[in-house]
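Below is one structure, written out as structure tokens; the observations come after it.
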Amino acid sequence: MFVYLIAFGGNMGNREQNAHGSLSHLQQWGRLGRQSAWIYTKPLRSPQFQTDDHSEYLNFVFEFASELEPEDLYERICLIEDQFGHDRVQRWRPRAVDFDLLFYCKNDATDFTFRAQNSLLYCPNASNLRIPHPEVWQRKFLLNMIQADLNISLSELGSLPGALEMEIKNGNET
Numbered sequence: 035m036f037v038y039l040i041a042f043g044g045n046m047g048n049r050e051q052n053a054h055g056s057l058s059h060l061q062q063w064g065r066l067g068r069q070s071a072w073i074y075t076k077p078l079r080s081p082q083f084q085t086d087d088h089s090e091y092l093n094f095v096f097e098f099a100s101e102l103e104p105e106d107l108y109e110r111i112c113l114i115e116d117q118f119g120h121d122r123v124q125r126w127r128p129r130a131v132d133f134d135l136l137f138y139c140k141n142d143a144t145d146f147t148f149r150a151q152n153s154l155l156y157c158p159n160a161s162n163l164r165i166p167h168p169e170v171w172q173r174k175f176l177l178n179m180i181q182a183d184l185n186i187s188l189s190e191l192g193s194l195p196g197a198l199e200m201e202i203k204n205g206n207e208t
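At position 67 of the sequence shown (counting the first as 1) the number is 101 in the working numbering, and the numbers step up by one without a gap.
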């Protein structure tokens, strides 16, 4: 059994309805676990792409238990995103549904809780998929949700730069 920490983000259409609908599709391949609070955040800024005119994003993090290997789950997630109109031509575009695989671990078949101490790396040469997600450490609002809402120790997930760790402890977000 694999247990994933997955981030949801969406800023187009009825965001709550899109979240519920996409989670419903995802449950074909596994089981939802704990969820963080659902929060709205301003679009992240990019030096390469214009994001000032983007609507706020609905964001949350959740556990997902599945027998699917990371690449197989990623393919199915892409299908769900595509059903909701995900634009894969250009990065940093508004989207109705965006799932990011942040972390994952392997547990025995009866344990559906993410265990940070069991977290694994996934970065095959022939894939676009990287776990941990390459940008997770720059998204303080996600780290706050993982730590505060899901009660998962960030120190067990990997090292954070000292300044970022202090900002998270003080509750500052990007």
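All C-beta atoms, glycine included, are put in the ideal place defined by N, C-alpha and C. Computed from a prediction, not measured in an experiment: that's the story for all the values here.
Measuring CB to CB, does G44 end up less than 8 angstroms from Y108? Going by C-beta atoms, G44 is not nearer than 8 angstroms to Y108.
Per DSSP, the bridge partner or partners of T75: Y91, per the DSSP bridge assignment.
Counted within 10 angstroms of its Cβ, other Cβ atoms place L173 as buried (16 or more) or exposed: The sequence given here places Arg at residue 173; Leu does not occur at that position. Buried.
So, does the CB of N48 fall closer than 8 angstroms to a CB anywhere in chain B? Considering every chain present, this structure includes no chain B. It has just one protein chain.
With distances taken Cα to Cα, identify the nearest neighbour of R68 among P77, D145, V131 and P128. Answer by Cα proximity: D145.
Between Q117 and the ligand COA, is the CB less than 7 angstroms from at least one heavy atom? In the structure shown, the ligand COA is absent, as is every other ligand, since no ligand is present at all.
Hey, out of S58, S187 and P77, whose CA is closest to R127's CA? Taking each of S58, S187 and P77 in turn and checking the Cα distance to R127, the smallest one comes out for P77.
In DSSP terms, what K140 is bridged to: DSSP, once it has assigned bridges, lists F36 as partnering K140.
With a cut-off of 8 angstroms on the beta carbons, I'd call F148 and C139 a contact; round off their distance for me. Contact between F148 and C139 holds: CB atoms are separated by about 6 angstroms, below the 8 angstroms threshold.
Leaving out five residues on either side along the sequence, give the residues of the same chain with a beta carbon under 7 angstroms from the beta carbon of N141. Within the same chain, Cβ atoms closer than 7 angstroms to the Cβ of N141 are found at M35, V37, R149 and N152, the five residues on either side in sequence being excluded.
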